[in-house]
Amino acid sequence: MDRVSAHFPEAVVERYVDRAGGAWAVIHPDSLPKVAAFLKNDEELQFKLFGSVDAVDRLHLAENDPRFEVVYFLYSLKRHEHVRLKVRVSEHQAVIPSLVPLFRGANWWERLVWDFYGIRFDGHPDLRRILLYEEFQGHPLRKDYALRDRQPLIPERPIKDIFRGPGTSGHS
Amino acid sequence: MADSHNFEAKGHNPDTDGSLPPEGSELEAHLQAKHMVINMGPSHPATHGTVRLKVELDGETIVKIDPEIGFLHRGFQKSCENVTWTQCLPYTDRLNYLSAMMNNFGFLNAVEKLIGLEIPERAQYIRVIGSELHRLTDHLTCVGATGLEMGGFAPFLYGMEARELLQDRVTELTGARLTTSFGRVGGINRDLPEGWADKVRKTLTRTEELLVEMDGLLTRNRIFVDRTKGTGIITADDAIDYGWTGPALRACGVDHDLRKTQPYWVYDRFDFDIPVGEHGDNYDRYLVRMEEMRQSIRILRQALDTIPAGPIIVDDWRIALPPKPEVYGTIEGVMAHFKLVMEGIQVPPGEAYDATEASNGELGWYLVSDGRGRPYKVHVRAPGFPVLAAVPHIIEGKMLADLIPTFDTINMIGGEVEQ
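Read top to bottom, the protein sequences are chains A and B.
Here the working numbering is used: the first residue of the first sequence is 1, the next is one more, and so on.
Here the working numbering is used: the first residue of the second sequence is 173, the next is one more, and so on.
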């Protein structure tokens, strides 16, 4: 992360090492491909193994502006080290550049983030839903999506005496 | 019927006129080369787990393949975010139902990292033992099923026999066959039963015999070798680019195993090797799995021999439930018990990423806590997900028959891919 800061002083918004020793940095969305390419191709770093991507909906956290935080996990087979890159986007402008041109492994993970959080990836070749069906409305891992909200493709049989628990949105 | 009569009347049938067919006959003609789209799955004997493969064929060549996952999706993350940390454990079991303890312990490892907790030594040993037992059952299923789908039933039966024996031991240890929920934050649930270690040693000896049988039936078998050698090839660079880990990556020649490169628990005290392949084809993936099982047995033997005595869970009532005499006898015990059950473990706010080497590769957990008793965010990096994502890259342009061994040896598990 020191090297990243040295190379791209303007791109790094925030740097951190958490209690467990994991290093992460918040990157400005526009410079994400640049920083990721540097991490991947730099001789000493070589973060070539693409771990995964996910997002955090920070709606109920103390710091919740911008609302979403997209987290990239990379691993270096040379240094045997995990690193996290974060990008923060707001709800209204939930678009970030895609990393598929850089890592082919990002393809499905970015589809997953789109599916569950509704964050678009600019330049993604095939941004479809991956786990849910095309007709699904909304993005279920957002914190404002009710836990028991249901969108069955085939209507569920009306069962009166099942208690669906807290968080039921009323229409079962 | 009418057509076949005409066919015979023309005299092209070698059965009737006794000579080889002339040039330009049906035997020489091209197969119908229309593109055909077939569905493999969602539930097909050769797709492990529920996954639908939309395969576009030109003759027997695969032009395009589009895996469609999500049939098992049951909202793992959302469910975890609405229960306490301890209540997530049964959910994690169901990710990879062949090696439940590994998921379980991996998740706990991440939680403990978030709290900054060191678990007792004996608990670390028992976690190693549980993980390796389940690595064996997982690999046995994978290798056995590969043999079965290449047409050999006997290797599958031998694999199942060994798996049954091992799962009996798992049952004795945890009380459950598949979904064990054996770990607890700060340690594990129960100590080893009386005389269990000897039983495991005997089971391991029997497993080794069965492995020799499976090895003899498969490794030099003509059909098996022909169908797996040189099929489903991926280069090391591509595999890394897709994010492969575990046996599938090591079969490409990349020596990467988190048990060695980032040792967790007590793995650095054991003497074992990491098998590495060369070609990255199905045959190498099979060989790597076979060798990994032998190494697991080695680890298990050493762990059973050297396991120290001591507590199996931390003595901290904010994290582990107090012993029952304390609960029934003291007010502090009752309060600690009540608060743990009702509010859950109070994990300090923060985030952590932790990865363990599960049977199919790196199982990563990214946890965010907001300081209350429930996880704010649970992200699981399932090893099967990137592996399945690379299947179109591997298989497009190859034969339909290559799809089956490829799908077997990458060992994608529906539960973790579809969360």
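C-beta atoms are modelled at their ideal positions from N, C-alpha and C, and glycine is treated no differently.
Item                                                                                                                                                                           : Value
Establish whether the CB of B:H177 and some CB of chain A are separated by less than 8 Å.                                                                                      : Bear in mind that the predicted position of B:H177 carries a pLDDT of just 44, short of 50, making it too unreliable to give a figure here.
The ligand PLP and B:R473: does the residue's C-beta get closer than 7 Å to at least one heavy atom of that ligand?                                                            : Because no ligand of any kind appears in the structure shown, any question about the ligand PLP cannot be addressed here.
Using a Cβ-Cβ cut-off of less than 7 Å, give me the residues of the stretch 123-139 of chain A that come near chain B, in sequence order.                                      : I130, L131, L132
Under a three-way DSSP split, which group does B:E344 fall into?                                                                                                               : helix
Taking all protein chains shown into account, do 16 or more other C-beta atoms lie within 10 angstroms of the C-beta of B:F325, making it buried, or fewer, making it exposed? : exposed
Per DSSP, what are the beta-bridge partners of B:W537 in this structure?                                                                                                       : B:D526, B:V552
Starting from B:Y414, trace the alpha helix (DSSP H) both ways and give me its first and last residue.                                                                         : 408-414
Use the C-beta contact count for B:S541: other C-beta atoms within 10 angstroms, 16 or more gives buried, fewer gives exposed.                                                 : buried
Among the residues of its own chain, which have a CB less than 6 Å from the CB of B:A508, if the five just before and after it don't count?                                    : W489, P494
Below 9 Å on C-beta distance, what does A:S98 contact in chain B?                                                                                                              : By Cβ distance, chain B contributes nothing, its closest Cβ being about 15 Å from A:S98, past 9 Å.
Does DSSP put B:G355 in a helix, in a strand, or in coil?                                                                                                                      : strand
Is the CB of B:G242 under 8 Å away from at least one CB in chain A?                                                                                                            : yes
Work out the CA separation of B:H565 and A:H28 for me, nearest whole Å.                                                                                                        : 32 Å
Under 7 Å, CB to CB, which of the residues in the stretch 38-58 of chain A have a partner in chain B?                                                                          : K48, L49, F50, G51, S52, D54, V56
Under 7 Å between beta-carbons, which chain B residues line up against A:W108? List them in chain order, please.                                                               : F557, A561
On the DSSP letters alone, give me the boundaries of the beta strand (DSSP E) that A:A25 sits inside.                                                                          : 23-27
By Cβ distance below 7 Å, which residues in the same chain neighbour A:F103 in space, the five residues on each side in sequence not counted?                                  : F50
Residues in the stretch 12-27 of chain A with C-beta within 7 Å of chain B's C-beta atoms, listed in sequence order?                                                           : D18, R19, A20, G22
Report the rounded CA-to-CA distance for B:A218 versus B:E336, giving the unit in angstroms.                                                                                   : 22 Å
Are the beta-carbon atoms belonging to B:L535 and B:V550 less than 8 Å from one another?                                                                                       : no
Could you check what DSSP says for B:M386 in three-state terms: helix, strand or coil?                                                                                         : helix
Have a look at A:R15, A:F73, A:L61, A:L77 and flag the residue whose alpha-carbon is nearest the alpha-carbon of A:L45.                                                        : A:L77
Looking at the unbroken beta strand (DSSP E) that takes in B:I210, where does it start and where does it end?                                                                  : 207-212
What are the boundary residues of the beta strand (DSSP E) that includes A:S76?                                                                                                : 68-76
Output the boundary residues of the beta strand (DSSP E) element that contains B:E463.                                                                                         : No beta strand (DSSP E) contains B:E463, which is instead part of the alpha helix (DSSP H) from 454-478.
Hey, is B:A423's beta-carbon within less than 8 Å of any beta-carbon in chain A?                                                                                               : no
Starting from B:P239, follow its DSSP beta bridges and name the residues at the other end.                                                                                     : B:L225
Compare the C-beta of A:L153 against all C-beta atoms of chain B and say whether one is closer than 8 Å.                                                                       : no
Short of 8 Å Cβ to Cβ, which residues in the stretch 276-302 of chain B face chain A?                                                                                          : K285, L286, G288
Around the Cβ of B:R392, are there at least 16 other Cβ atoms within 10 angstroms (buried) or fewer (exposed)?                                                                 : exposed
Rounding to the nearest angstrom, what Cα-Cα distance links B:I237 and B:A562 in this structure?                                                                               : 11 Å
Buried or exposed: where does B:Q591 fall if 16 or more other Cβ atoms within 10 Å of its Cβ makes it buried?                                                                  : buried
When you check each C-beta in the stretch 532-555 of chain B against every C-beta of chain A, which residues fall closer than 8 Å?                                             : E534, G536, Y538, V540, D542, Y548, K549, H551, R553
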